[in-house]
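Numbering (my numbering), first residue to last: -17 to 298.
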């Protein structure tokens, strides 16, 4: 699940709204969440060793249905889009009968009154706090749709996009809204790969703009080392920012929706990307924004996207 900063909005106002110049206050629309979920020492050890952990049935069906409904409402215009960014799957646009048929993801959902109940879910945050500490900021949010015909998501590391550290204080949550199978494009992970280096990313072949993936894919992420995560609705995987992962193409006839948030400890600090393997993506994103009339540094972009969801003071 790449932390993409993809910008398919056509006006400067929408860019400004998305990056925090317009702040919305989400409403709590669902109170069915469990408030606590205690991890066992075995689960903590598994996460430390493998870089990921799946918890079954963490999110209730009522909440999942509200996310699915909200996604459809934003697509058909019956609910306000607000600051949500819509990203389309290019090869599906021409044949799409409705917007939902070609929308690959909605990003920056943190201020939507329905989607925000996932980001601020007490049970979810309870697990996150056991992995990275109690001082938590949400730094990137999205719902991924993956319509039939959507291609694969090549292997990558989310850490490649983040201009802050330490890596072990950043964790992603990825919750299945629908049944997730190999056929409809499940997530795959490479256990233990979070302990290695940050790999060189780029465009090994033609792919969507601003989505860099691991250049030496066959060596870093050979097929025999990939573990497919088949998940039921409400199942949630937590994984570390340096974990190598990707997803299969959707070769089925059904949609595959998930909701996700990247969380970082408020104790994380920004780093200088000059001269690092991350400078390429940072420069590319800043250049794309500048062409659209938004003159921000890479750090400023991330500061505007971040929101503290569990006290206390945050550096992000």
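For each residue, glycine too, the CB sits at the ideal point set by N, CA and C. Since the structure is predicted, the reported quantities are computational estimates derived from the model, not experimental observations.
Inset, instruction - Sort 52, 101, 121, 185 by Cα distance to residue 300 and report the nearest one. - result: Look at the range of the chain in this structure, -17 to 298, and you will see that residue 300 is not part of it.
Inset, instruction - Kindly give me the distance between the Cβ atoms of residue 252 and residue 281, rounded to whole angstroms, as I take these residues to be in contact under 8 angstroms. - result: For the purposes of this step, residue 252 is identified with residue 270 of the chain shown, where counting begins at 1. For the purposes of this step, residue 281 is identified with residue 299 of the chain shown, where counting begins at 1. Confirmed, about 5 angstroms.
Inset, instruction - Mind the definition here: the region 229 to 239 touches the region 127 to 140 only if three or more C-beta pairs lie below 8 angstroms; say whether that holds. - result: yes
Legend entry - First and last residue of the uninterrupted alpha helix (DSSP H) at residue 283: Along the chain shown, one-based indexing puts residue 283 at 301. Residues 280 to 287.
Inset, instruction - Apply the 10 Å Cβ neighbour rule to residue 247 and answer buried if 16 or more other Cβ atoms are within range, or exposed otherwise. - result: Translated into positions along the chain shown, residue 247 becomes position 265. When all chains shown are included, residue 247 counts as buried.
Legend entry - C-beta contact flag for residue 109 and residue 168 at 9 angstroms: Along the chain shown, one-based indexing puts residue 109 at 127. Along the chain shown, one-based indexing puts residue 168 at 186. No.
Legend entry - Reduced DSSP category for residue 57 - H, G, I as helix; E, B as strand; rest coil: Taking the chain shown and counting its residues from 1, the one referred to as residue 57 is at position 75. Helix at residue 57.
Inset, instruction - Look at the alpha carbon of residue 196 and the alpha carbon of residue 293, and state the distance between them as a whole number of angstroms. - result: As a first step, residue 196 is located in the chain shown; it is residue number 214 there, counting from the start. As a first step, residue 293 is located in the chain shown; it is residue number 311 there, counting from the start. Spanning the two alpha carbons is a distance of roughly 35 angstroms.
Inset, instruction - Grab me the residues of residue 102's own chain with a C-beta within less than 6 angstroms of its C-beta, minus the 5 sequence neighbours each way, in chain order. - result: Taking the chain shown and counting its residues from 1, the one referred to as residue 102 is at position 120. Short of 6 angstroms from the beta carbon of residue 102, and not among the five residues preceding or following it, lie these beta carbons of its own chain, in chain order: 291.
Inset, instruction - Quick one: using the 10 Å Cβ neighbour count with 16 as the cut-off for buried, is residue 24 buried or exposed? - result: Position 42 of the chain shown, counting from 1, holds the residue named residue 24. Counting Cβ neighbours within 10 Å, residue 24 comes out exposed, since fewer than 16 surround it.
Inset, instruction - Could you name the residues that DSSP lists as bridge partners for residue 184? - result: Along the chain shown, one-based indexing puts residue 184 at 202. Paired residue(s): 195.
Inset, instruction - Would you give the residue range spanned by the alpha helix (DSSP H) that residue 101 belongs to? - result: In the chain shown, counting from the first residue as 1, residue 101 sits at position 119. Segment 98 to 101, the alpha helix (DSSP H) holding residue 101.
Inset, instruction - Below 6 angstroms CB to CB, which residues in the same chain sit around residue 3 once its five sequence neighbours on both sides are set aside? - result: Residue mapping note: residue 3 aligns to position 21 of the chain shown, counting from 1. Confidence at residue 3 is low in this model, with a pLDDT of 36, below 50, so the placement of that residue should be treated as unreliable; the coordinate-derived value is given next. Nothing listed; no residue qualifies.
Legend entry - Span separating the alpha-carbon of residue 6 from that of residue 237: One-based indexing of the chain shown puts residue 6 at position 24. One-based indexing of the chain shown puts residue 237 at position 255. Reliability fails at residue 6, whose pLDDT of 36 lies under 50, so the model's placement of it is uncertain and the value that follows must be treated cautiously. The alpha-carbon atoms of residue 6 and residue 237 are separated by roughly 30 angstroms.
Inset, instruction - Taking only the alpha-carbon atoms, compute the straight-line gap between residue 154 and residue 127 and give it to the nearest angstrom. - result: Position 172 of the chain shown, counted from the first residue, corresponds to residue 154. Position 145 of the chain shown, counted from the first residue, corresponds to residue 127. So the two alpha carbons sit approximately 17 angstroms from each other.
Legend entry - Cβ contact check for the region 80 to 95 and the region 34 to 48: 3 or more pairs under 8 angstroms: no
Inset, instruction - For residue 305, I'd like the list of residues in its chain whose CB is within less than 6 angstroms of its CB, leaving aside the five on either flank, ordered along the chain. - result: Look at the range of the chain in this structure, -17 to 298, and you will see that residue 305 is not part of it.
Legend entry - Residue from 21, 198, 254, 46 with nearest C-alpha to residue 113: As a first step, residue 113 must be located in the chain shown, where it is residue number 131. The option with the nearest alpha carbon to residue 113 is 21.
Legend entry - Residue burial classification, residue 256 (beta-carbon count within 10 angstroms, cutoff 16): On the chain shown, position 274 is the one that residue 256 refers to. The residue is exposed, with fewer than 16 neighbouring Cβ atoms inside 10 Å.
Inset, instruction - Have a look at residue 70 and residue 286 and give me their C-alpha separation to the nearest angstrom. - result: Numbered from 1 along the chain shown, position 88 holds the residue referred to as residue 70. Numbered from 1 along the chain shown, position 304 holds the residue referred to as residue 286. Looking at the two C-alpha atoms, the distance is approximately 23 angstroms.
Inset, instruction - Work out the CA separation of residue 272 and residue 221 for me, nearest whole Å. - result: For this step, residue 221 is matched to residue 239 along the chain shown. For this step, residue 272 is matched to residue 290 along the chain shown. Near 32 angstroms, if we compare the C-alpha coordinates of residue 272 and residue 221.
Legend entry - Contact belief for residue 223 with residue 152 at Cβ below 8 angstroms, rounded distance in angstroms: The residue given as residue 223 occupies position 241 in the chain shown. The residue given as residue 152 occupies position 170 in the chain shown. Yes, they are in contact, since the Cβ atoms of residue 223 and residue 152 sit about 4 angstroms apart, within 8 angstroms.
Legend entry - Assigned secondary structure, residue 253 (DSSP; H/G/I helix, E/B strand, else coil): Residue numbering aside, residue 253 sits at position 271 when the chain shown is read from its first letter. Here residue 253 sits in coil by DSSP.
Inset, instruction - Check the DSSP bridge columns for residue 158 and list the partner residues they point to. - result: Residue numbering aside, residue 158 sits at position 176 when the chain shown is read from its first letter. Partner(s): 240.
Inset, instruction - Going by DSSP, name the residue or residues bridged to residue 272. - result: Position 290 of the chain shown, counting from 1, holds the residue named residue 272. Per DSSP, none; premise fails for residue 272.
Inset, instruction - Compare the beta carbon distance of residue 278 and residue 270 with 9 angstroms and say whether it is the shorter of the two. - result: Residue mapping note: residue 278 aligns to position 296 of the chain shown, counting from 1. Residue mapping note: residue 270 aligns to position 288 of the chain shown, counting from 1. No, the pair does not count as a contact, with Cβ atoms beyond the cut-off.
Inset, instruction - Pull up the DSSP beta-bridge partners for residue 123, would you. - result: The count along the chain shown starts at 1 and reaches residue 123 at position 141. Answer by DSSP bridge pairing, in chain order: 243.
Inset, instruction - Whole angstroms is fine: what's the gap from residue 171's alpha carbon to residue 208's? - result: For the purposes of this step, residue 171 is taken as the residue at position 189 of the chain shown. For the purposes of this step, residue 208 is taken as the residue at position 226 of the chain shown. The alpha-carbon atoms of residue 171 and residue 208 are separated by roughly 6 angstroms.
Inset, instruction - With residue 105 as the anchor, note down where its alpha helix (DSSP H) starts and where it stops. - result: Walking along the chain shown from the start, residue 105 turns up at place 123. Segment 104 to 114, the alpha helix (DSSP H) holding residue 105.
Inset, instruction - Give the C-beta separation of residue 140 and residue 244 to the nearest angstrom, bearing in mind that I take them to be a contact with Cβ-Cβ under 8 angstroms. - result: As a working note, residue 140 is residue 158 in the chain shown. As a working note, residue 244 is residue 262 in the chain shown. The Cβ separation is near 6 angstroms, so the contact holds.
Legend entry - Buried versus exposed, by CB contacts within 10 Å (16 or more), residue 129: On the chain shown, position 147 is the one that residue 129 refers to. With 16 or more other Cβ atoms within 10 Å, it is buried.
Inset, instruction - Output the boundary residues of the beta strand (DSSP E) element that contains residue 220. - result: Against the chain shown, residue 220 aligns to sequence position 238. Membership of residue 220 in the beta strand (DSSP E) is indicated by the continuous run 218 to 222.
Legend entry - Proximity below 9 angstroms, CB of residue 125 to CB of residue 259: Residue numbering aside, residue 125 sits at position 143 when the chain shown is read from its first letter. Residue numbering aside, residue 259 sits at position 277 when the chain shown is read from its first letter. No; because the gap between Cβ atoms is not below 9 angstroms, this pair is not in contact.
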